[in-house]
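First up is the structure itself, then whatever we jot down about it.
In my numbering, the protein residues as written are 8 to 470.
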């Protein structure tokens, strides 16, 4: 016997998405860093369903791999794509076994839907005792959407797809969202009766609404508030994807601004879903924050910085630089035009300046690498001062080697530290030196050819 208080979610994610012109299944295209089908699943999970089914077809293995193994989530294969009604029909056994009174049907390519909307839809479905409840929206731009044909107030007679609609029906402004609550036993009763006598020769789930009405079942509608069409946007093209990213990006940025983060010129800033930002951080124009980046309190990032999967400490400044997979401790200053690569750590109050690249290296507290340097596979102690143009030579063409520089050392301009090599604490390396052997602590290391001066040489050459 079905439990009327429990419900399932069924996500339709089998489409090929030919208009995307992509080898990646449409539902796996990310929106602000999260695949759209995963966004739909996370939104649905927020209203606490007892189980989730995902209809997969095109790129089924890729979609299943992206979603991973999750408790209470089942993959249902639609081997041939014959429309939304056929997709739900493929889930008939799963629905029958679920033992749940209702099922919420969602589109895997409509990632803008909010959990609050789904909760209110369910409340209306239960309160009205409906066999089915359709989520709808009013719009001045109904092109491409099915139209809601009303019955009595709050009731739906049927839904007609645009390609099958008459000119008069196309004037209707109330559109179908593709989101429905169904009573499972009633849905299972009408699924076998779906036909494909339409312009696309497909089995439409929307036809279930008319069939339920014909059986005398109550079919209701829950209309979204203002700007509802934004929430039900389906993604069928790259332009739709860009529009969805802009909408979700605005939601993300608004959330952080309401939490005490300053964002200058928000329209130029990109912040992915999994980024976390503490209050009083300032994000300047042109900044891109991706992956699982964390910004500490009072950070100042930008303008034109790109930070991905990095942990940026409180009070840090990152100007016009690229950081990937790094940890920057509080008070450090990065950039402009620095490049920090994975595996790097920058200490407290350290300085990584313009046109400096740091790769897989640990830079100590208060160390300064201020200009035109490369530091790779290295460990620099605290309070090291590195002159302009100094580099570590970590690769011999086959293997990578490490460089160690002790605390308090001074590395002059245009120095080449040829790894493997160690510079002792407090040592000084003179400008222009190429160091191939270890330098003891507190020593001075010089490696230069003698300077030659030939007076009057240029005049002799001109003769």
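All C-beta atoms in this analysis are idealised placements derived from N, C-alpha and C, irrespective of residue type, glycine included. Quick caveat, the model's predicted, so the values are computed rather than measured.
Starting from the C-beta of residue 296, find all residues in its chain whose C-beta is less than 6 angstroms away, skip the five residues before and the five after it, and write them out in chain order. Translated into the one-based positions of the chain shown, residue 296 becomes position 289. These residues qualify, in order along the chain: 278, 282, 314.
Per DSSP, residue 167 is paired with what? In the chain shown, counting from the first residue as 1, residue 167 sits at position 160. 154.
Can you grab the Cα-Cα spacing for the pair residue 241 / residue 269, in whole Å? On the chain shown, position 234 is the one that residue 241 refers to. On the chain shown, position 262 is the one that residue 269 refers to. Roughly 31 angstroms separates the two Cα atoms.
Classify residue 317: buried if its beta carbon has 16 or more other beta carbons within 10 angstroms, exposed otherwise. To locate residue 317, count along the chain shown from 1; it is residue 310. Buried.
Go through its chain and collect everything with a Cβ distance to residue 205's Cβ below 8 angstroms, but skip five positions before and after it. Within the chain shown, residue 205 is the residue found at index 198, counting from 1. Correct list, in chain order: 168, 170, 171, 211.
From what residue to what residue does the alpha helix (DSSP H) around residue 95 run? Your numbering for residue 95 matches position 88 in the chain shown. Unbroken alpha helix (DSSP H) run through residue 95: 91-97.
Since residue 318 sits in a beta bridge, which residues does DSSP pair it with? Taking the first residue of the chain shown as position 1, residue 318 is located at position 311. DSSP output for residue 318 lists 301, 334 as bridge partner(s).
With C-beta atoms as the reference, is residue 370 less than 7 angstroms away from residue 393? Stepping through the chain shown from its first residue, residue 370 is reached at position 363. Stepping through the chain shown from its first residue, residue 393 is reached at position 386. Taking 7 angstroms as the Cβ cut-off, residue 370 and residue 393 do not qualify as a contacting pair.
Beta-carbon separation of residue 303 and residue 280 under 7 angstroms? Taking the chain shown and counting its residues from 1, the one referred to as residue 303 is at position 296. Taking the chain shown and counting its residues from 1, the one referred to as residue 280 is at position 273. The Cβ-Cβ distance between residue 303 and residue 280 does not fall below 7 angstroms.
Use the C-beta contact count for residue 33: other C-beta atoms within 10 angstroms, 16 or more gives buried, fewer gives exposed. Stepping through the chain shown from its first residue, residue 33 is reached at position 26. Buried, by the Cβ-count rule.
Supposed close pair residue 443, residue 428 - CB separation, criterion 8 angstroms: Locating residue 443 in the chain shown gives position 436, counting from the first residue. Locating residue 428 in the chain shown gives position 421, counting from the first residue. The C-beta separation of residue 443 from residue 428 comes to about 7 angstroms, placing the pair in contact by the 8 angstroms criterion.
Excluding the 5 residues preceding and the 5 following residue 158 in the sequence, name in chain order all residues of the same chain whose CB lies nearer than 8 angstroms to its CB. The residue you call residue 158 lines up with position 151 of the chain shown. Cβ within range, chain order: 164, 220, 226.
Have a look at residue 16 and residue 78 and give me their C-alpha separation to the nearest angstrom. On the chain shown, residue 16 is found 9 positions in, with the first residue counted as 1. On the chain shown, residue 78 is found 71 positions in, with the first residue counted as 1. Each residue's alpha carbon lies about 14 angstroms from the other.
Does the separation of the CB atoms of residue 182 and residue 152 fall below 7 angstroms? Walking along the chain shown from the start, residue 182 turns up at place 175. Walking along the chain shown from the start, residue 152 turns up at place 145. A contact, by the Cβ cut-off of 7 angstroms.
Residue 458: buried (16+ other C-beta within 10 angstroms of its C-beta) or exposed? As a first step, residue 458 must be located in the chain shown, where it is residue number 451. Residue 458 should be labelled exposed.
If you draw a straight line from the C-alpha of residue 45 to the C-alpha of residue 208, how long is it? Sequence index remark: in the chain shown, residue 45 carries index 38 (1-based). Sequence index remark: in the chain shown, residue 208 carries index 201 (1-based). Taking the straight line joining both Cα atoms gives about 30 angstroms.
Across which residues does DSSP place residue 80 in a beta bridge pair? The sequence position of residue 80 within the chain shown is 73, counting from 1. DSSP lists 59 as partners of residue 80.
Which of the three DSSP states is assigned to residue 64 in this structure? By 1-based counting over the chain shown, the position of residue 64 is 57. Taken through DSSP and simplified to helix, strand or coil, residue 64 comes out as strand.
Residue 190, buried or exposed, once every other Cβ within 10 Å from all chains shown has been counted against 16: Here residue 190 refers to the residue found at position 183 of the chain shown. In this structure residue 190 is buried. Its beta-carbon is surrounded by 16 or more other beta-carbon atoms within 10 angstroms.
Checking 7 angstroms against the spacing of the C-beta atoms, do residue 321 and residue 294 come in under that value? Numbered from its first residue, the chain shown carries residue 321 at position 314. Numbered from its first residue, the chain shown carries residue 294 at position 287. No; because the gap between Cβ atoms is not below 7 angstroms, this pair is not in contact.
Which value, in whole angstroms, describes the spacing of the CA atoms of residue 8 and residue 224? Indexing the chain shown from 1 puts residue 8 at position 1. Indexing the chain shown from 1 puts residue 224 at position 217. A caution first: residue 8 carries a pLDDT of 47, below 50, which makes its placement in the model too unreliable to give a value.
Would you report the Cα separation of residue 363 and residue 259, rounded to the nearest angstrom? Along the chain shown, read from residue 1 onward, the residue named residue 363 stands at position 356. Along the chain shown, read from residue 1 onward, the residue named residue 259 stands at position 252. C-alpha separation (whole angstroms): 32 angstroms.
Report all residues from its chain with a CB closer than 8 angstroms to the CB of residue 88; omit the five preceding and five following residues, and keep chain order. In the chain shown, residue 88 corresponds to position 81, counting from 1. Excluding sequence neighbours, residue 88 sits near 21, 22, 23, 64, 65, 94.
Inter-residue CB distance, residue 290 and residue 119 (contact presumed, cutoff 8 angstroms): Taking the first residue of the chain shown as 1, we reach residue 290 at position 283. Taking the first residue of the chain shown as 1, we reach residue 119 at position 112. Wrong, their Cβ atoms sit about 23 angstroms apart, outside the cutoff.
In whole angstroms, what separates the C-alpha of residue 350 from that of residue 112? Counting from one through the chain shown, the residue named residue 350 turns up at place 343. Counting from one through the chain shown, the residue named residue 112 turns up at place 105. If you draw a straight line from the Cα of residue 350 to the Cα of residue 112, it is about 44 angstroms long.
Run of the alpha helix (DSSP H) containing residue 218, from where it starts to where it stops: Here the question's residue 218 lines up with position 211 in the chain shown. Under the DSSP assignment, residue 218 falls in the alpha helix (DSSP H) whose first and last residues are 214-221.
7 angstroms is my cut-off, CB to CB: does residue 379 come that close to chain D? Absent here is chain D; the protein component of the structure consists of one chain.
Look at the alpha carbon of residue 187 and the alpha carbon of residue 139, and state the distance between them as a whole number of angstroms. For the purposes of this step, residue 187 is taken as residue 180 along the chain shown, with counting starting at 1. For the purposes of this step, residue 139 is taken as residue 132 along the chain shown, with counting starting at 1. Roughly 7 angstroms between the two C-alpha positions.
What do you get for residue 90, buried or exposed, if any count of 16 or more other CB atoms within 10 angstroms of its CB means buried? Against the chain shown, residue 90 aligns to sequence position 83. Residue 90 comes out buried.
Quick one: what does DSSP say residue 176 is sitting in, helix, strand or coil? Taking the chain shown and counting its residues from 1, one reaches residue 176 at position 169. If DSSP states are grouped into helix, strand and coil, residue 176 belongs with the helices.
Return the residue from the list 233, 344, 74 that minimises the CA-CA distance to residue 18. Walking along the chain shown from the start, residue 18 turns up at place 11. Taking each of 233, 344, 74 in turn and checking the Cα distance to residue 18, the smallest one comes out for 74.
Give the single residue among 228, 82, 154, 37 whose Cα lies nearest to the Cα of residue 124. Taking the chain shown and counting its residues from 1, the one referred to as residue 124 is at position 117. For the residues 228, 82, 154, 37, the minimum Cα distance to residue 124 belongs to 228.
Out of 230, 341, 106, 195, point me to the one whose CA is closest to residue 215's CA. Your numbering for residue 215 matches position 208 in the chain shown. That would be 195, whose Cα lies nearest to the Cα of residue 215.
Would you mind reading off the limits of the beta strand (DSSP E) that contains residue 229? By one-based count along the chain shown, residue 229 stands at place 222. For residue 229, the enclosing beta strand (DSSP E) starts and ends at 226-230.
Whole-number beta carbon distance between residue 70 and residue 35, since they are thought to touch under 8 angstroms: Looking up residue 35 in the chain shown gives position 28. Looking up residue 70 in the chain shown gives position 63. With 8 angstroms as the limit, residue 35 and residue 70 qualify as a contact, their Cβ atoms being about 6 angstroms apart.
To which residues of the same chain is residue 327 closer than 7 angstroms at the C-beta, ignoring the five residues directly before and after it? The sequence position of residue 327 within the chain shown is 320, counting from 1. Here the set comprises 310, 311, 312, 342, 343, 344.
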